[in-house]
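Working notes, beginning with the structure itself.
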Amino acid sequence: NAGVTQTPKFQVLKTGQSMTLQCAQDMNHNSMYWYRQDPGMGLRLIYYSASEGTTDKGEVPNGYNVSRLNKREFSLRLESAAPSQTSVYFCASSDGRGYSNQPQHFGDGTRLSIL
Amino acid sequence: RKEVEQDPGPFNVPEGATVAFNCTYSNSASQSFFWYRQDCRKEPKLLMSVYSSGNEDGRFTAQLNRASQYISLLIRDSKLSDSATYLCAVNRAGSARQLTFGSGTQLTVLP
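If you read the sequences in order, they're chains A and B. Here our numbering is used: the first residue of the first sequence is 1123, the next is one more, and so on. Here our numbering is used: the first residue of the second sequence is 6, the next is one more, and so on.
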């Protein structure tokens, strides 16, 4: 039962480098999300995709771009990494149909350090 | 006021104890409520949804109080394995898909 798969699990970058975090889900979910989690800050939504072909900004989108490649895959790109982007990044997905009770299911995270 | 607020704890309780956490939310139009469990350096995992009439799953009971705008999680007969951070999540007004998460309540169950 793969669920939501994120790659890589760990990454160290230098300031100014770029990279793409990959996320794929095999639950046929319509909606996908990218969060970052910092100590004391909880989970903060970066971007989300309500359905294939759409993306929207969340609470903290600056410095990031996303691509909903197909229904399964949702990538997060850092164009020019900054130390403030050091964080744990989680991808999540949810069914996205209907209105109520839309739990999200998370990948096991990418631990990113920017030096 | 934050959209979702939790007492960060930590809550340190002995094995077998009953412990309860609350989570307050600011948007009276919210419709979906969840409790997640997060172990240290791991991903959040769905513990249970919270239904209007309250619901129970084994030792865990979740309740919703719309009048006072909070949800609660009660854990009975605490086990060492219950030690974790518990996050509440509430959907944002006008969006069934977007959830706002609390910062979490840390629970340690002591032998």
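Using N, Cα and C, we set each Cβ at its ideal position, and we do this for glycine too.
Query                                                                                                                                                                         : Result
Between N96 (chain B) and chain A, is the shortest Cβ-Cβ distance under 8 Å, so that the two count as touching?                                                               : yes
Can you tell me whether DSSP reads Q11 (chain B) as helix, strand or coil?                                                                                                    : strand
Answer yes or no: does any C-beta atom of chain B fall closer than 8 Å to that of H1227 (chain A)?                                                                            : yes
Restricting to Cα atoms, I'd like to know which of B:S33, B:P15, B:A34 is closest to F26 (chain B).                                                                           : B:P15
Considering only DSSP beta bridges, list what Y75 (chain B) is partnered with.                                                                                                : B:T29, B:N70
Between the stretch 34-48 of chain B and the stretch 1226-1234 of chain A, do three or more beta carbon pairs fall short of 8 Å?                                              : yes
Using the Cβ count rule (16 or more neighbours within 10 Å means buried), how would you classify V1134 (chain A)?                                                             : exposed
Taking C-beta pairs closer than 7 Å, name the residues in chain E that L1167 (chain A) reaches, listed in chain order.                                                        : You won't find chain E in this structure, because its protein chains are A and B.
Could you tell me which chain B residues have their CB closer than 7 Å to the CB of Y1211 (chain A), listed as they occur along the chain?                                    : Ordered by position in chain B, no residue passes the 7 Å Cβ test against Y1211 (chain A), which lies about 11 Å from the chain.
On the premise that G1125 (chain A) lies in contact with M1149 (chain A), defined as a C-beta separation below 8 Å, what is that separation, rounded to the nearest angstrom? : 6 Å
By the three-class DSSP mapping on this structure, what secondary structure does S1171 (chain A) have?                                                                        : strand
Of all Cβ atoms in chain B, is any one closer than 8 Å to the Cβ of Y1186 (chain A)?                                                                                          : no
Indicate whether T1137 (chain A) and I1236 (chain A) have their beta-carbon atoms separated by less than 8 Å.                                                                 : yes
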